[in-house]
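K.L.:
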Amino acid sequence: MTRQIFVLNGPNLNLLGQREPGIYGALSLASIETACRALGEELGFQIDFRQSNHEGVLVDWIHEANEKAAGVAINPGAYGHTSIALHDAIRAIAVPVVELHLSNIHAREAFRHKSMIAPVVKGVICGLGQDSYLLALRALKTLTE
Ligand code: DQA
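Going by this note's numbering, the first residue of the sequence shown is number 24, and it counts up by one from there.
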């Protein structure tokens with residue numbers, strides 16, 4: 024059975040590849056999406072890959088995931104550090120959520136060390152670039168079995 028997985032991306036991640044490549048790498052979000060789709064196929068997942076710069080849109084997608092998806096991988100971008108709304112949305116749903124970041128948020132500015140969503144997700148992966156996404160999908164494979 025093919026299960027649907029939402030891969031959600033928060034603000035500024037549409038600029039990947041151009042944005043601070045020394046921190047976030049040279050890959051575009053489109054090429055990360057391609058890699059997620061390829062691994063998803065291998066894992067039996069249909070990947071629904073989305074990006075928004077708007078907090079409320081991300082909240083709506085988290086709610087939608089509860090109806091349509093088996094699990095969620097989310098790179099919340101900066102909203103991960105600030106958003107009680109994302110925290111509450113993730114708390115409110117039953118499907119497993121994995122938080123991920125391209126960069127190692129703990130090796131960066133102090134304001135990035137805190138994640139508002141970390142207490143309500145199954146696990147957190149950070150610092151591994153594109154592999155953070157791919158490892159999140161592998162984790163969801165186990166979490167959704
Ligand atoms: C990020 C880390 C956040 O601190 C930052 O605001 C981002 C990207 C990452 O993937 O490394 O936008 O989530």
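Glycine included, each C-beta is placed from N, C-alpha and C at the ideal position.
According to DSSP, A96 sits in a beta bridge with which residue or residues?
P.N.:
Position 73 of the sequence shown holds residue 96. Partner(s): V30 and V121.
K.L.:
Just mark E122 as buried or exposed, buried being the case when its beta carbon has 16 or more other beta carbons within 10 Å.
P.N.:
Your numbering for residue 122 matches position 99 in the sequence shown. Buried.
K.L.:
Going by CA-CA distance only, name the one from A96, N76, A115 and H110 that's closest to I55.
P.N.:
Start at 1 with the first residue of the sequence shown, and residue 55 comes out as number 32. Among A96, N76, A115 and H110, the Cα nearest to that of I55 belongs to A96.
K.L.:
Please say whether F29 and A88 have beta carbons closer to each other than 7 Å?
P.N.:
Counted from its first residue, the sequence shown places residue 88 at position 65. Counted from its first residue, the sequence shown places residue 29 at position 6. Going by C-beta atoms, A88 is nearer than 7 Å to F29.
K.L.:
Taking DSSP as the reference, what is the three-state secondary structure of I46?
P.N.:
Translated into the one-based positions of the sequence shown, residue 46 becomes position 23. In the structure shown, I46 sits in a helix (DSSP, three-state: H, G or I).
K.L.:
When you compare the CB positions of A112 and I148, do they come within less than 7 Å of one another, or not?
P.N.:
Residue mapping note: residue 112 aligns to position 89 of the sequence shown, counting from 1. Residue mapping note: residue 148 aligns to position 125 of the sequence shown, counting from 1. No, these two residues do not count as a Cβ contact at 7 Å.
K.L.:
Say the cut is 6 Å; is the CB of N35 nearer than that to a heavy atom of the ligand DQA?
P.N.:
Position 12 of the sequence shown, counted from the first residue, corresponds to residue 35. True, at least one ligand heavy atom lies under 6 Å from that Cβ.
K.L.:
If you scan the segment 124–163 from start to end, which runs of the beta strand (DSSP E) of 3 or more residues do you find wholly inside it?
P.N.:
For the segment 124–163, whole beta strand (DSSP E) runs of length 3 or above, ordered along the chain, are 146–149.
K.L.:
Distance, Cα to Cα, A101 vs R60?
P.N.:
One-based indexing of the sequence shown puts residue 101 at position 78. One-based indexing of the sequence shown puts residue 60 at position 37. So the two alpha carbons sit approximately 24 Å from each other.
K.L.:
If you reduce the DSSP assignment to three classes, tell me which class I116 lands in.
P.N.:
Start at 1 with the first residue of the sequence shown, and residue 116 comes out as number 93. Residue state, collapsed to three classes: coil.
K.L.:
Mind checking A93: buried by the 16 CB within 10 Å criterion, or exposed?
P.N.:
In the sequence shown, counting from the first residue as 1, residue 93 sits at position 70. That one is buried.
K.L.:
Can you tell me the Cα-Cα spacing of T105 and P99, whole angstroms?
P.N.:
Counting from 1 along the sequence shown, the entry for residue 105 is found at position 82. Counting from 1 along the sequence shown, the entry for residue 99 is found at position 76. Those two C-alpha atoms are separated by around 10 Å.
K.L.:
Could you tell me if I107 is buried or exposed, where buried requires 16 or more neighbouring beta carbons within 10 angstroms of its beta carbon?
P.N.:
Within the sequence shown, the letter at position 84 stands for residue 107. Exposed.
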